[in-house]
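In this note's numbering, the protein residues as written are 2 to 823.
So this is what it looks like as C-alpha cells:
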C-alpha cells in the first residue's frame, strides 16, 4: 500500500473501542453512550476476558478500569500491548490517587479519566487518543514510503553500478533527452558508424528520440511497419539485423520511409526486463568496410547495456514521479514533518506544513541545526541534547523565523535512510488547543467565584433581613419628629444599599430570576441613549450604528439596560480627556470554526451588540480579571468592581456569549452575542393595581434557621394581627404543622436550611395537606429552584431581604389566593 492509500485508509478507519470494567451496568451504560457517536464497542469484565477479546477484536483504544475485582488493571496494560502493540489504553477510576495515575502512565497508559465520566471529557479524551492514532498512522505511512523509496534507490543504484562498470558514460545520464545522444554516440564510436537513429516504441509506432543525421530521419514511423523491412524484421525476431550492402541485400526490403539507399545497416532491438521490444537503434555506414558479424556481436553487448540504461532511466523517472507523489502527500498533510540526521542533528528534509509553521523556505531550513528551531518547553526542559525520541506525544516550542514562538505537540521515531539513522519528527500546532484550555480554566475560575459570591450573598441577605426588619419595626414605633427617626432611616438606607450589593453579586453568579420576553435591542439602546445623554460628559460623543433589520431576542429589558449602562460607564471612565462611545447592533451567525475557539459559544443565529470606546484600553493582566467581582482599577471609593461582573452574569444567564478586544492606547470593544428568536416584541408584564389590607387574624407558621429572622418576623406579623408560630428547621416545622393543620393558614418557608432543606420540607407539607399554602422566602434561589418549588406546590416567592410592606403584601395575596406572587 502506498503512502497515499495508507493515509486515506487511516482517515476512513472505523473507531473501535474495548471497555474493560467489572461493573457490568456501568459498561452497558458507557456502551450506549459511545454507540451514539458511531463507536464500535466490545466489552470485557476481567483481565482474561480482555486478553481473549482483543485477540479477535482489533480495538484501537481500550477504556480500562484500574481495579478489576481483586486484580489491578494497570498490570493489564502490558498484556494488552503484547497482544496488540499499537493499542492505546485510557484508564478509568473513581478513587485512585495521584501516585496510581502516574504509575498507570508510566506503564504505558495514554490518559486518565475519573468516574463518573463526564461525556464532554470522555469524548475529548477519545478524540485525542484517536488523533494520536491517526498521527501515528500518517507517520508510519510516511516512514514506509521513505523506506520504499530508499529500497528502490538501492536497487537502481546496484543496476546503475553494473552499467557504469561496462559503459561509464551511460551513468552520467538521468533522462531520456540525455540518454539518446549518448547511446548513439557510444554506438557510433564502437561500431565506426557514420549515422544512426534511436526510436522508442509507443502504441502508434516508433517515435524518434535522437538522430545523428536529423535531416534524413523522420520524427516517427507509424505501425504497421512494411513487411520485410529491416525494422520490421528486428522487431519481429527480437534479434539484431545486419545488412552489409543495402543495394545487394535480398532478405530485407527498404524501410517504409525509404531509409538509406547505400552503405551498410546495423539494427538492434532494445528490450525491457520482460523481453518486450521498447525501441530500436539503427546504425548506418556509408563507406567501407561494411558492418560485420563481429560488429553485430559487439553491438549486442552495447544494446544490452543500452536496454539497462533505458530501464534505469525510466525507473529514475518513475522514482522521481514517486518522490513527487510522496512530497505531495507530505505537503497535503497539515502535520509538520521534519527529517533530522541523528548523528549531526541537522535537518535534511521538511514538508510544507513545517516550513509554513517555521516561516522559512526549504533551502533555508535544510542543513540547519534542529535545536535552532525546536526546543522543549521550559517546564519540561531536559538535559538530553538533540531531537530525542518520544514514545508518546510531548509539547515542544517551535521558534519561528520572525522570533515568535509556536507551541506544538510532537512525536518522533528513528528510521534508516541512505544507510544513516534519521529522526522523523511530526508535530501539530496546538495554539488553539492551549487557548481553549485557557478559556476553560477562566470559565471554571469564574464559575467558582460565582458560586462563592452566591453563597456569600445568601448569608449576607439573612443578616440584612434582620437589620432591615428590626429597623423597620423600630420605625413603626416612633414618630418622624423623634431624633432617632433620621438615624433609623439612615440605617435602613444603608441596608438597602447593601441589599443592592448582594443583588449584584447574585446577578453575577446567575442566581437572579430573569423575566424574559421578546425584545428589540434597538429600542432598548435608543432608550438607554436618552439616559446616557444626561450622564455621560459632553466631551464624549455617543454614536449609534443600529441594524435596520435587527432580529428579536428573548431577554429581560431591565437587565439589558443594566448591561448597556454598565458598559457605557466603564467606557466613560476610560476616556477622561474625551473620546467617542459607539454602540452598534447587527445580525450575525456564529460558525463552527468560531465556536471551536470560544469555549461556551454554540453555532447559530445571534444578535450582536457592541460597545466600543476610544479610551486608554487594558493590558492582558487587567483583561484576565475584568469580569471578577470586586476587581477594579479605580481609586478607593470610585467603584465597587461589580459593573463588569454583573454584565458577565447577565449575558451568561441569557445563554449568550461575550468577548472583549482591548489594547493599551487603542480603546476597548465589548461584543455581546444573544441568541436570535422568531417572535414579536410585546409589552412587559406587570402587576395591576390592587388595594390590599395588610392586617389579618390568620395563623402563620414561620420557618427559618436564623433566630433573628424568626424573631423579627414574629414581631412584625403579630403587629398586624396575625398569630405566629415559628420553627428553626424543616423537621420542627413538619411536627408543628401536623399538630395545627386546621389552624395554620399559611407557611412562610426558608428555602435553604441545614438538615431538611426547604424543597424537601415543602414536598412533605404538600404530602400532609394538598391544600397547604406555602410562601417561599429566599435570598438565593435560581430560576431552576423556583420552578421546582412551584411545581412541588409553592404558591409564591418573596426575595430576601424584603421590606415589611413587601412581605405583608405577599402574605395577604397568598392567603386570599389572589394570584401567584413571583
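Beta carbons: idealized from backbone N, C-alpha and C, even for Gly.
Note that the coordinates shown come from a computational prediction; the quantities given were computed from them, not determined experimentally.
Task: C-beta neighbour in chain C for residue 115, strict 7 Å - done: This model lacks chain C altogether, as it is built from one protein chain only.
- [ ] Put residue 828 into one of helix, strand or coil per three-state DSSP.
- [x] One cannot answer for residue 828 here, as it falls past the ends of the chain, which runs 2 to 823.
Open item on the list: Quick check on residue 203: does DSSP put it in helix, strand or coil?
Closed with: In the three-state scheme derived from DSSP, where H, G and I count as helix and E and B as strand, residue 203 is classed as coil.
TODO: For residue 616, I'd like the list of residues in its chain whose CB is within less than 7 Å of its CB, leaving aside the five on either flank, ordered along the chain.
DONE: Excluding sequence neighbours, residue 616 sits near 572, 575, 576, 580, 668 and 669.
Open item on the list: What residue range does the alpha helix (DSSP H) around residue 766 cover?
Closed with: That run of the alpha helix (DSSP H) goes 759 to 769.
Open item on the list: Taking a contact to mean a Cβ-Cβ separation below 7 Å, would you say residue 217 touches residue 199 in this structure?
Closed with: No. Outside cutoff.
Open item on the list: According to DSSP, simplified to helix, strand and coil, what is residue 323?
Closed with: If DSSP states are grouped into helix, strand and coil, residue 323 belongs with the helices.
Task: Proximity below 7 Å, CB of residue 665 to CB of residue 620 - done: By the CB criterion at 7 Å, residue 665 and residue 620 fall inside the cutoff.
Open item on the list: Can you give me the C-alpha to C-alpha distance between residue 512 and residue 539, rounded to a whole angstrom?
Closed with: Unreliable placement is indicated for residue 512, whose pLDDT of 48 sits below 50; the coordinate value is still reported in the next sentence. Looking at the two C-alpha atoms, the distance is approximately 37 Å.
Task: DSSP three-state assignment for residue 131, whether helix, strand or coil - done: It is helical.
Task: Contacts around residue 564, its chain only, beta-carbon distance under 6 Å, and the 5 residues preceding and following it disregarded - done: Contacts found: 648 and 651.
Open item on the list: Alpha carbons only, please: which of 361, 433, 609 and 732 is nearest the one belonging to residue 598?
Closed with: In this structure, 433 is the residue among 361, 433, 609 and 732 with its C-alpha nearest to the C-alpha of residue 598.
Task: Beta-bridge partners of residue 544, as assigned by DSSP - done: In DSSP, residue 544 forms a bridge with 583.
- [ ] Starting from the C-beta of residue 371, find all residues in its chain whose C-beta is less than 6 Å away, skip the five residues before and the five after it, and write them out in chain order.
- [x] So the list reads 341, 346, 348 and 388, once near-sequence residues are dropped.
Open item on the list: If I measure Cβ to Cβ from residue 112 and keep anything under 6 Å in the same chain, skipping five residues before and after, which residues do I get?
Closed with: For residue 112, where only same-chain residues beyond five positions count, the Cβ hits under 6 Å are 91 and 126.
Task: Under the three-state DSSP convention, the category residue 111 falls into - done: Residue state, collapsed to three classes: coil.
Open item on the list: Tell me the rounded alpha-carbon separation between residue 715 and residue 767.
Closed with: Their backbone Cα atoms lie some 23 Å apart in a straight line.
Open item on the list: Between residue 409 and residue 424, how many whole angstroms is the CB-CB distance? I'm expecting something under 8 Å.
Closed with: With 8 Å as the limit, residue 409 and residue 424 do not qualify as a contact, their Cβ atoms being about 15 Å apart.
Open item on the list: The beta strand (DSSP E) that contains residue 232, what's its start and end?
Closed with: Here residue 232 belongs to no beta strand (DSSP E); instead the alpha helix (DSSP H) covers 231 to 238.
Task: Contacts around residue 66, its chain only, beta-carbon distance under 8 Å, and the 5 residues preceding and following it disregarded - done: Cβ neighbours of residue 66 beyond the five flanking positions: 21, 22, 23, 24, 74, 92, 93 and 94.
- [ ] Taking the CB atoms as reference points, tell me whether residue 269 and residue 223 lie closer together than 7 Å.
- [x] Here residue 269 is not near residue 223, since their CB atoms are 7 Å or more apart.
- [ ] Using only alpha-carbon positions, find the residue among 418, 317 and 811 that is nearest to residue 180.
- [x] It is 317 whose Cα lies nearest to the Cα of residue 180.
TODO: Please classify residue 276: is it buried, with 16 or more other beta-carbons within 10 angstroms of its beta-carbon, or exposed?
DONE: With a 10 Å radius around the Cβ and a threshold of 16 neighbouring Cβ atoms, residue 276 comes out exposed.
Task: Inter-stretch contact at 8 Å, needing at least 3 Cβ pairs: the segment 32 to 48 / the segment 131 to 140 - done: Taking 8 Å as the limit for Cβ pairs, the verdict is that the segment 131 to 140 does not touch the segment 32 to 48.
Open item on the list: Less than 7 Å between the C-beta atoms of residue 405 and residue 377, yes or no?
Closed with: With a cutoff of 7 Å on beta-carbon distance, residue 405 and residue 377 are scored as not near each other.
Open item on the list: Could you check whether residue 81 and residue 88 sit closer than 7 Å to each other, using their CB atoms as the reference points?
Closed with: Contact: yes.
Task: C-beta atoms of residue 308 and residue 271 nearer than 7 Å - done: Yes, they are a contact pair.
TODO: Assign residue 221 to one of three DSSP states: helix, strand, or coil.
DONE: Residue state, collapsed to three classes: strand.
TODO: Please report the residue range of the beta strand (DSSP E) in which residue 661 lies.
DONE: According to the DSSP assignment, residue 661 belongs to the beta strand (DSSP E) that extends over 658 to 663.
- [ ] Quick one: measure Cβ to Cβ for residue 787 and residue 798, integer angstroms, because I've assumed they're closer than 8 Å.
- [x] A Cβ-Cβ distance of about 6 Å is found for the pair residue 787 and residue 798, placing them in contact under the 8 Å criterion.
Open item on the list: So for residue 613, helix, strand or coil by DSSP?
Closed with: Reduced to three states, the DSSP call for residue 613 is strand.
Open item on the list: Quick check on the DSSP output: what are the complete beta strand (DSSP E) runs of length 3 or more inside the segment 773 to 817, in order along the chain?
Closed with: Taking only runs of at least 3 residues, the beta strand (DSSP E) segments lying wholly in the segment 773 to 817 are 775 to 779 and 797 to 800.
TODO: Measure the beta-carbon distance from residue 123 to residue 60 and round it to whole angstroms, keeping in mind my assumption that it falls under 8 Å.
DONE: Residue 60 and residue 123 do not touch by the CB rule: their CB atoms are close to 16 Å apart, not below 8 Å.
Open item on the list: When you compare the CB positions of residue 558 and residue 607, do they come within less than 7 Å of one another, or not?
Closed with: No, the pair does not count as a contact, with Cβ atoms beyond the cut-off.
Open item on the list: Going by DSSP in three states, residue 484 sits in which element: helix, strand or coil?
Closed with: Three-state DSSP puts residue 484 in a helix.
Task: residue 679 burial status per 10 Å Cβ neighbour count (16 or more: buried) - done: Its Cβ having fewer than 16 others within 10 Å, residue 679 is exposed.
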